[in-house]
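Working notes, beginning with the structure itself.
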Amino acid sequence: MNVRKRYNYEFLKELCKEYNITLLRDYSNENLHRDYKIEGNCKTENCNENFEKTLGGLSKKKYFCCKKCTKQIENNNKATNNIQKYGVKSPLQLESVKQKIKEKNLEKLGVEYPQQSKKVREKLETNNLKKYGVKNTTQLECVKQKMKNTNKEKYGHEYATQSQEVRDKTIKTCLEKFGAETNLQLESVKQQIKETNLEKYGHEYATQSQEVRDKTIKTCLEKFGAECSLQSQEVKDKGKQTNLKKYGREYATQSQIVRKKVKKTCLDKYGVDTVSKLETVKQKAKETNLKKYGCEYSLQAQEVKDKGKQTNLKKYGVEYPNQNMEIMEKNSKKSYKLKEYILPSGEIIKIQGYENYALDELFNNSILEEDIITGCKNVPEIWYEDENGKKHRHYVDIFIPSQNKCVEIKSTWTAEKKKDCIFLKQKAGKALGYNYEIWVYNRKGEKVECYK
4 MNVRKRYNYE
14 FLKELCKEYN
24 ITLLRDYSNE
34 NLHRDYKIEG
44 NCKTENCNEN
54 FEKTLGGLSK
64 KKYFCCKKCT
74 KQIENNNKAT
84 NNIQKYGVKS
94 PLQLESVKQK
104 IKEKNLEKLG
114 VEYPQQSKKV
124 REKLETNNLK
134 KYGVKNTTQL
144 ECVKQKMKNT
154 NKEKYGHEYA
164 TQSQEVRDKT
174 IKTCLEKFGA
184 ETNLQLESVK
194 QQIKETNLEK
204 YGHEYATQSQ
214 EVRDKTIKTC
224 LEKFGAECSL
234 QSQEVKDKGK
244 QTNLKKYGRE
254 YATQSQIVRK
264 KVKKTCLDKY
274 GVDTVSKLET
284 VKQKAKETNL
294 KKYGCEYSLQ
304 AQEVKDKGKQ
314 TNLKKYGVEY
324 PNQNMEIMEK
334 NSKKSYKLKE
344 YILPSGEIIK
354 IQGYENYALD
364 ELFNNSILEE
374 DIITGCKNVP
384 EIWYEDENGK
394 KHRHYVDIFI
404 PSQNKCVEIK
414 STWTAEKKKD
424 CIFLKQKAGK
434 ALGYNYEIWV
444 YNRKGEKVEC
454 YK
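Take a look at the structure:
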């Protein structure tokens, strides 16, 4: 015969004694019953939360924990029972169940997964717009923040993919399931993506679709005020701050650690320190270029050359970056071995080659420092055409405004090897009305020739 439980204070006291429960208040003078809410400390180790449960619930389930810990216990119990019954933590992992779900979806929606159904997606978007004012709940700031908080709590990062533990687990799962570190390496997945894109956009890759490109530009303009997020100063600054925090550099590729890691990964995976050295990659690049442009290298294609020129004209006002005086000056500082030269005033300037011999000569001939102009940004703009009719910009070494004179300094070796080119530049300078002279020096600093 079953003895009826009496949910009174004595019953609660015995329960607390048996399971070592710490209550938050005194219930000795309360009229307790089965549905009376009892408050106590969560019994889970290292948990500082409290529980609030009915006396009947505590007696039946024996979960003396907060909501979060109770849910964890229930999930663990479910997983244990499922492993005993089915050999997996969740019935949804069973192939038979997966297949049954696919069959039902095909029957009801005409697709294997509900998300593949345009009707379902539109219904979800309509409901979300009605309830939250957005098409997808992940667009809500409160949801984004909640996700970040959860990830911080679980992984120590705002985004799960920032966690090395998650990345390693993802790679492990993909290797076990697909034999590759990411499912995107699978030919079947690549093909499926291409088919989906062809169906949706009429192209194998979404970025080939003008509709997608226009939509991306529209979104970027709305969010960042630029056609591409990387054009936004805010995004650039945020990227720099992240890189400074992580690597101590504004750009990840400036970090020696990152460079070494990239090289090591390439060596481990491919046996070379950069993938561009792989014959398969070289060949694939050539095949792609042949298919797209009709030549092995993209820079051989007139279409690419013209596009490059248009971009440079838009960005720099010239067809080639080095025709822009600021870029040329910056590049020349990096490309050539520069040396310091102290002017009569004490100012130090950077020069190259035999320019010091020419400057010494000018000062010895009483030419004032203020009348000597150097640097790509300061000298006259001179353009010339080579023997193939190609237009180039020429930056003369020294300009003397009072004499309207351009001075180009050459070594005996350069003067001999590049004679034709040197005189084409001189001819172009003279055509603009400048007195143009070429001064040639030997290694001893002696002027051996002066072409006027």
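Residues in the sequence shown are numbered consecutively from 4, following my numbering. Here a beta-carbon is modelled for each residue, glycine too, at the ideal position from N, C-alpha and C. Quick caveat: nothing in here was measured; it's all calculated off a predicted structure.
- Within its own chain, the residues whose Cβ lies closer than 6 Å to the Cβ of Tyr360, once the five positions on either side in sequence are excluded, are Tyr444, Gly448, listed in chain order.
- Apart from the 5 residues on each side of it in sequence, Asn131 sits with its Cβ closer than 8 Å to the Cβ of Val137, Lys138, Asn139, Thr140 in its chain, given in chain order.
- For the set Ala431, Cys453, Ala434, Arg446, the Cα lying nearest the Cα of Glu440 is the one of Cys453.
- Using a Cβ distance threshold of 8 Å, Gly60 and Asn53 do not count as a contacting pair.
- The DSSP-derived three-state label of Glu55 is strand.
- Under the rule that a run must span 4 or more residues, the alpha helix (DSSP H) segments found entirely inside the region 108 to 152 read 121 to 135.
- Take Thr415, set aside five residues on each side of it, and the residues of its chain with a beta-carbon closer than 7 Å to its own are Val443, Asn445, Val451, in chain order.
- A buried status is given to Cys45, since no fewer than 16 other beta-carbon atoms sit within 10 Å of its beta-carbon.
- Judged by DSSP in its simplified three-state form, Lys450 adopts strand.
- Annotation for Glu161: no beta strand (DSSP E) segment contains it, and DSSP assigns it neither H nor E.
- By alpha-carbon distance to Leu346, the top candidate from Ser191, Asp374, Phe181, Leu95 is Asp374.
- At the C-beta level, Glu115 and Lys103 stay beyond 8 Å of one another.
- Note on geometry: alpha-carbon atoms of Cys223 and Leu178 lie some 36 Å from one another.
- In the DSSP assignment, Glu42 falls within the unbroken beta strand (DSSP E) covering 40 to 44.
- If you draw a 10 Å sphere on the C-beta of Asn327, you find 16 or more other C-beta atoms in it, and that means buried.
- Three or more pairs of CB atoms, one per stretch, sit closer than 8 Å, so the region 427 to 436 contacts the region 386 to 397.
- The Cβ neighbour count for Lys56, taken over all protein chains shown within 10 Å, is at least 16; the residue is labelled buried.
- The DSSP-derived three-state label of Ser62 is helix.
- Secondary structure note for Lys420: its alpha helix (DSSP H) is the uninterrupted segment 415 to 420.
- In the three-state scheme derived from DSSP, where H, G and I count as helix and E and B as strand, Lys342 is classed as strand.
- Ile354 and Val410 have their alpha carbons spaced roughly 14 Å apart.
- Bounds of any alpha helix (DSSP H) do not take in Arg396; it lies within the beta strand (DSSP E) bounded by 394 to 397.
- One alpha carbon belongs to Val399, the other to Ser301, and they sit about 33 Å apart.
- When secondary structure is reduced to three states using DSSP, Val443 falls in the strand class.
- With a contact defined as Cβ atoms closer than 8 Å, Pro404 and Ile376 qualify at about 7 Å.
- If the five residues before and after Glu372 are omitted, its C-beta is found closer than 7 Å to the C-beta atoms of Leu346, Pro347, Ser348, all from its own chain and listed in chain order.
- Excluding sequence positions up to five before and after Cys68, its CB lies within less than 7 Å of the CB of Cys45, Lys46, Thr47, Phe54, Ile76, all in the same chain and listed in chain order.
- Separation of the CB atoms of Lys218 and Glu207 is rounded to 18 Å, and the pair is thereby denied contact status at 8 Å.
- Just measuring C-alpha positions, the residue of Lys180, Asn154, Phe181 sitting nearest Glu168 is Asn154.
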